[in-house]
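This report refers to the structure that appears directly beneath it.
Number of protein chains: 2
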Amino acid sequence: MSVVRIALAQVDLVVGDLDANCAMVRERVGQAAEAGAQLVVFPEMTLTGYPPEDLVLRQSFRQASCAALTRLATELAAAGQGDIAVVVGYLDSEGGPRNAAAFVQDGQVVARYFKHHLPNYGVFDESRYFKAGAELSVVHFGGVDIGLTICEDVWQDGGPFAAAAAAEVGLLVNINGSPYERDKDDVRLSLVRRRAVEAGAAVVYVNQCGAQDELVFDGDSFAVGADGQLLARAPQFVEGLFLLELELPASTGNTVSQAGELSVGRYRAPKPPRPLSEELAEPLGIADRLQDEAEVWGALVVGTRDYVVKNGFSSVVLGMSGGIDSAVVAAIAADAIGGANVHGVALPSDYSSAHSLADAAELAANLGAPLQTVPIAPMVSAFVESLKLTGLAEENVQARVRGTTLMGLSNQHGHLVLATGNKSELSVGYSTIYGDAVGGFAPIKDVPKTLVWKLARWRNAEATRRGETAPIPENSITKPPSAELRPGQLDTDSLPDYEVLDELLAHYVDGDAGFSDLLALGFDEELAARVTRMTDAAEWKRRQYPPGPKISLKAFGRDRRLPITNRWREHGVS
Amino acid sequence: MSVVRIALAQVDLVVGDLDANCAMVRERVGQAAEAGAQLVVFPEMTLTGYPPEDLVLRQSFRQASCAALTRLATELAAAGQGDIAVVVGYLDSEGGPRNAAAFVQDGQVVARYFKHHLPNYGVFDESRYFKAGAELSVVHFGGVDIGLTICEDVWQDGGPFAAAAAAEVGLLVNINGSPYERDKDDVRLSLVRRRAVEAGAAVVYVNQCGAQDELVFDGDSFAVGADGQLLARAPQFVEGLFLLELELPASTGNTVSQAGELSVGRYRAPKPPRPLSEELAEPLGIADRLQDEAEVWGALVVGTRDYVVKNGFSSVVLGMSGGIDSAVVAAIAADAIGGANVHGVALPSDYSSAHSLADAAELAANLGAPLQTVPIAPMVSAFVESLKLTGLAEENVQARVRGTTLMGLSNQHGHLVLATGNKSELSVGYSTIYGDAVGGFAPIKDVPKTLVWKLARWRNAEATRRGETAPIPENSITKPPSAELRPGQLDTDSLPDYEVLDELLAHYVDGDAGFSDLLALGFDEELAARVTRMTDAAEWKRRQYPPGPKISLKAFGRDRRLPITNRWREHGVS
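These protein sequence lines are chains A and B, in that order. According to our numbering, the first sequence is numbered sequentially starting from 884. According to our numbering, the second sequence is numbered sequentially starting from 884.
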């Protein structure tokens, strides 16, 4: 048996910024060296960021990625870190674009592995981009045989884990860009456990921590033994370098060249690993999993922070209506970039309740957020008089005047506008396009209304637990929801009770349930017909909605691709 | 040799409307029967419409498609049309969702074929949806062996055409949902010719005619002989039933069961084909191909008409600025749904030129379109005064007041709003989100500015040729383009000359050229740096832009999937 000291680099990446990603790798390898690590493992597509989408189709980008890898190997050696083995993800172009992992040591790319299973469902389009690999790369390092694998390889039967079993590998490294999804995490662990047992090898699973457009990566890196036992687990949503030692079986010297679906390529690291030193920092234990609301909150904060910061903004602006949605969005933004950078705008109309302004002011005060008030009556009157608008057209003008106001302040002051719509509204089209739908980012677009309330309560309780001021005004949580676009209007005038609506939408939107499925689940026929029809009819509006963090099984966006022109009606009547 | 009389059903489909698509098939089969056809061939996914996108993931939809096929077979027989053989596309679910073709005769589904090559590039995501087929279905009908294939099967080497050669098939049917793209059409013909020669069989190629969201299908159905000679070709953008007779070799009785990559399944039609009758309507000749501008105009008109009509609208509204973009969009809309249904709105500001209103009025008069004038000063002043806006923020408010005005009129009167932006503007972000970008559909979003001018000149010349009034005011074509958002503003203040810009964008956007490629092509370094940077920075705006017809190699939308958060810069400086 050999002991190998491994650093799991649970890091954030920036898509397209090869230089910054390489600099981050060098910095983390330096830290790992100080902590006495022998092997450092980075996430999937470390150098390019993940997912790079159609950048992969550019030859210039593919070449830059390959060049960056070579340069990184040289720079690590030049910095005196050649004796540490580093596994990084990158974009290769051998025989076609490849989602690749490299094993780097002593200034050399010792081995490369090309992802075998390419996901092409949900948010993933990897068959669009990559050619699949056909070889398991095994590196003999420190007396141990180490196999490289990437993300989806662990989700599908056959492939590299079967090959690893035949090749009697001691350790499998699995590098990931695995997006956060509610309730998904235990699946990761149970899958990896199963693969470890199948392969008869320990598995080190490393995932990105950060966000890219609509995807949030929660980290949650871990290691399991060859018996499937969980040995160590990093906390979710915490970037860092996590250290552990694994006792691994000695190489069998097995030279099997064909195993499972893949052939096996064998490589030898140029030098024995650096000797184990004593200065191991606190080794990684088994971090507790976050509870549901804490986990979702973490995802929304990271998703919002990374979108804002990576797109070069330092402040945001949003309408503060006194309602629950804008309060929760403001609180997320405050946790992401600090309350002082969250610019609230109260936009009262003639139909706004007395409590709206008071609740908005309380929220802003709790968050330390600047608040300004812009009454919309002068602009609304100008439109209504010029255009003779009535009814819904007049309601929508109010929302659009608010949207134009926020965009005006954004243009004038450089803030990113946050849209405050939730998933329930977005599903049934209960929002005004170019009105409340205005924004560069929409933090709660994948959060159903009932969960918005739960998150508000959880965040307030969390503040109380920490001895801080609860950020969200109690009145915003308890008052009946209203768009306040006409006197006395309530959401329940047009929509069913949110408890029922959200349950129905979870089946229809997230679960692809058909009409008969909905009836079998006990939903009222008229209600199911109405909600499915409203959802179908709102597709065109969703297409123009800003991006926001995916937290559900099926988020609007890349994840759910329905035609706009679509006469399929679940209840059978067009 | 046997003679088979074939009707090419070059028809329009509606995604999701199984009942309407089946009714259309029954009606067309009735017409084909009257014309003495023995075999009628419909496009890919006839019953579901194409592409059905994520509807495929719904079990309810898959079941409905299978049930519709069975019902269609029964109904055709009940209507006395059982003796005609009908090839239709549909969604099957045997062993997973299938992009399928059925050979129907005498109330029976005689044979089914599952598409072998699944395109997963450009606008296509078929690996997301379908399981690939592994059998070539050959039906013995009228003494001839007829093989079924679908669309992409003709674009890839190997697969059913190789299998058909080994099986010595006499005729291959290829059903398509092949989107229009400039300059693509000759590729289709030359490919099919090659496959015909490879297979040693005549090929009948049938394509949809109509539009679905961003895709336009131009028809262009045709037949080639086993020697690769073009025998007949239907006109582009014309829906209809086109008749031809093919003299085909008798079945060899070859029972090869394994050929090429696919096995071969053999089926026998239950009845001999209906006898050839004398009443063949005018047989299909070889239609001339349209010239470039005529073809693009046809695509834009069909794309706009189908989007408007299939989404339940009968009228559109747009801002008429007097400029070339809105003039061309209005003329396209008038050709699509009639000038009387095109509602123009002049939205003059203090910065509008004297000619703006006059040019808009002339355009509306030429098209027979109603025009109303709404001065935007009162609304703009209300915003500028409330928010103390200056510079770009003030310019944008003008555009957004126009957008909100158009949306107000849309809400009040039920018109669909058309956005008038062109591809050059959309590329470099020279448009105001929630301003001129407002709309349900954007007819020229994939048309570069230089082509907009060419189309205007072509359309006017076409009118003159037909002895009609040229629709587009000469002044709109010749005056220097300006957004008129500040005094004396011209596009050339912020943008390079459109001739240069469009050429550069064709390489960068459509061609995925890198920076060094652009320099090698002779573009100025500073210009290339500026334009690529502007294009990258506008991705977030494009994501919220309405859909519009794809006419280029790479349209914004499903066709080009770049990350918003993206620090890759072609000129190497972030």
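Think of the CB as a built atom: it goes at the ideal place given N, C-alpha and C, for glycine as much as any other residue.
Neighbour list for A/Gly1286 in chain B, Cβ cutoff strictly below 9 Å: Position 403 of the first sequence holds residue 1286 of chain A. Simply Arg1283, Thr1287, Tyr1317.
Closer than 8 Å to chain A by CB, B/Thr1448: Position 565 of the second sequence, counted from the start, is the residue given in the question as residue 1448 of chain B. It does; some Cβ of chain A falls within 8 Å.
A/Arg941, DSSP secondary structure in three states: In the first sequence, counting from the first residue as 1, residue 941 of chain A sits at position 58. In the structure shown, A/Arg941 sits in coil (DSSP, three-state: anything other than H, G, I, E or B).
Beta bridge counterpart(s) of A/Asp975 as assigned by DSSP: Position 92 of the first sequence holds residue 975 of chain A. A/Asp975 is bridged to A/Arg981.
Assigned secondary structure, A/Glu1161 (DSSP; H/G/I helix, E/B strand, else coil): The residue labelled residue 1161 of chain A in the question sits at position 278 within the first sequence. Coil.
B/Ser1399 at chain A interface by Cβ criterion, 8 Å: Here residue 1399 of chain B corresponds to residue number 516 of the second sequence, with the count starting at 1. Closer than 8 Å to some Cβ of chain A, the Cβ of B/Ser1399 qualifies, so yes.
Bridge partner(s) assigned by DSSP for A/Ile889: Mapped onto the first sequence, residue 889 of chain A falls at position 6. Paired residue(s): A/Leu922, A/Leu1127.
Under 8 Å between C-beta atoms of B/Gly1499 and B/Ala1325: Missing from the structure shown is residue 1499 of chain B; chain B here goes from 884 to 1457 and no further.
Nearest-angstrom Cα separation, counted from B/Gln1295 out to B/Gly1231: Residue mapping note: residue 1231 of chain B aligns to position 348 of the second sequence, counting from 1. Residue mapping note: residue 1295 of chain B aligns to position 412 of the second sequence, counting from 1. The question names Gly, but residue 1231 of chain B is Pro in the sequence shown. One C-alpha to the other measures close to 21 Å.
Enclosing beta strand (DSSP E) for A/Leu1373 [first to last residue]: For the purposes of this step, residue 1373 of chain A is taken as residue 490 along the first sequence, with counting starting at 1. Element bounds for A/Leu1373: n/a, residue is neither H nor E.
In chain order, each alpha helix (DSSP H) run of at least 4 residues that lies wholly inside the stretch 1335 to 1406 of chain B: 1357 to 1361, 1374 to 1377, 1381 to 1388, 1398 to 1403
Length of the line joining the Cα atoms of A/Leu930 and B/Gly1148: Reading the first sequence from its first residue, position 47 is the one you call residue 930 of chain A. Reading the second sequence from its first residue, position 265 is the one you call residue 1148 of chain B. Cα to Cα, the separation comes out at about 49 Å.
Interface residues of chain B facing A/Trp1423 [CB-CB closer than 7 Å]: Residue numbering aside, residue 1423 of chain A sits at position 540 when the first sequence is read from its first letter. Simply Gly1323.
B/Thr1135 - containing alpha helix (DSSP H), residue span: The residue given as residue 1135 of chain B occupies position 252 in the second sequence. In this chain, B/Thr1135 is not harboured by any alpha helix (DSSP H), its DSSP state being neither H nor E.
Member of A/Gly1297, A/Gly1274, A/Gln921, A/Ala1320 whose CA lies at the smallest distance from the CA of A/Glu1308: One-based indexing of the first sequence puts residue 1308 of chain A at position 425. In terms of CA proximity to A/Glu1308, A/Ala1320 leads the group A/Gly1297, A/Gly1274, A/Gln921, A/Ala1320.
Nearest-angstrom Cα separation, counted from A/Gln921 out to A/Leu1129: By 1-based counting over the first sequence, the position of residue 1129 of chain A is 246. By 1-based counting over the first sequence, the position of residue 921 of chain A is 38. Looking at the two C-alpha atoms, the distance is approximately 11 Å.
Close-in-space but distant-in-sequence residues of the same chain around B/Glu1408 (CB under 7 Å, 5 per side omitted): Sequence index remark: in the second sequence, residue 1408 of chain B carries index 525 (1-based). So the list reads Leu1402, once near-sequence residues are dropped.
Unbroken alpha helix (DSSP H) run spanning A/Phe1044, endpoints: Against the first sequence, residue 1044 of chain A aligns to sequence position 161. Where A/Phe1044 is concerned, the enclosing alpha helix (DSSP H) stretches over 1043 to 1050.
Integer-rounded CB distance, given that A/Ile1058 should sit under 8 Å from A/Gly972: The count along the first sequence starts at 1 and reaches residue 972 of chain A at position 89. The count along the first sequence starts at 1 and reaches residue 1058 of chain A at position 175. The pair is a contact, with the Cβ atoms about 5 Å apart (cut-off 8 Å).
Chain A within 8 Å of B/Phe1125, Cβ atoms only: Taking the second sequence and counting its residues from 1, one reaches residue 1125 of chain B at position 242. Not closer than 8 Å to any Cβ of chain A, the Cβ of B/Phe1125 fails to qualify, so no.
Proximity test, Cβ basis, 8 Å: A/Trp1451 and chain B: Looking up residue 1451 of chain A in the first sequence gives position 568. Interface residue, yes.
Member of B/Gly1093, B/Gly1053, B/Gln1112 whose CA lies at the smallest distance from the CA of B/Ser1073: Here the question's residue 1073 of chain B lines up with position 190 in the second sequence. Of the listed residues, the one whose Cα sits closest to B/Ser1073 is B/Gln1112.
Range covered by the alpha helix (DSSP H) that runs through A/Val1192: On the first sequence, position 309 is the one that residue 1192 of chain A refers to. 1175 to 1193 is the extent of the alpha helix (DSSP H) around A/Val1192.
The stretch 1035 to 1043 of chain A touching the stretch 886 to 901 of chain B, judged by at least three CB pairs closer than 8 Å: no
Contact list for A/Glu936 against chain B, beta-carbon separation under 9 Å: Within the first sequence, residue 936 of chain A is the residue found at index 53, counting from 1. Those are Arg1444, Leu1445, Pro1446, Asn1449, listed as they occur along chain B.
Residue(s) in a DSSP beta bridge with B/Pro1062: Against the second sequence, residue 1062 of chain B aligns to sequence position 179. Its beta-bridge partners are B/Phe1100.
Closer than 8 Å to chain A by CB, B/Pro1331: The residue labelled residue 1331 of chain B in the question sits at position 448 within the second sequence. Output row for B/Pro1331: interface = no.
Contacting residues, own chain, Cβ-Cβ under 6 Å from B/Val1456 (five flanking each side not counted): Position 573 of the second sequence, counted from the first residue, corresponds to residue 1456 of chain B. Summary for B/Val1456: the model assigns pLDDT 47, below 50, so the residue's position carries little reliability, and this model does not support an answer.
Three-state class that DSSP yields for A/Tyr996 in the structure shown: Counting from one through the first sequence, the residue named residue 996 of chain A turns up at place 113. In the structure shown, A/Tyr996 sits in a strand (DSSP, three-state: E or B).
Helix, strand or coil at A/Asn1294 [DSSP, three-state]: Residue 1294 of chain A sits at position 411 when you count from the first residue of the first sequence. DSSP places A/Asn1294 in helix when its eight states are reduced to three.
Those residues which DSSP pairs with B/Asn1090 across a bridge: The sequence position of residue 1090 of chain B within the second sequence is 207, counting from 1. Partner(s): B/Asn1059.
Any C-beta of chain A under 8 Å from that of B/Ser1010: Position 127 of the second sequence, counted from the start, is the residue given in the question as residue 1010 of chain B. For B/Ser1010, the answer is yes, since a Cβ of chain A falls inside 8 Å of its Cβ.
Contact check, A/Pro1153 vs A/Gln991, beta carbons under 8 Å: Within the first sequence, residue 1153 of chain A is the residue found at index 270, counting from 1. Within the first sequence, residue 991 of chain A is the residue found at index 108, counting from 1. Contact flag set, yes.
Helix, strand or coil at A/Val1147 [DSSP, three-state]: Taking the first residue of the first sequence as position 1, residue 1147 of chain A is located at position 264. Reduced to three states, the DSSP call for A/Val1147 is strand.
Assigned secondary structure, A/Gln946 (DSSP; H/G/I helix, E/B strand, else coil): Here the question's residue 946 of chain A lines up with position 63 in the first sequence. The answer is helix: DSSP assigns A/Gln946 an H, G or I state.
Neighbour flag for A/Pro1326 against chain B, beta carbons, 8 Å: Residue numbering aside, residue 1326 of chain A sits at position 443 when the first sequence is read from its first letter. No, because no Cβ of chain B sits closer than 8 Å to the Cβ of A/Pro1326.
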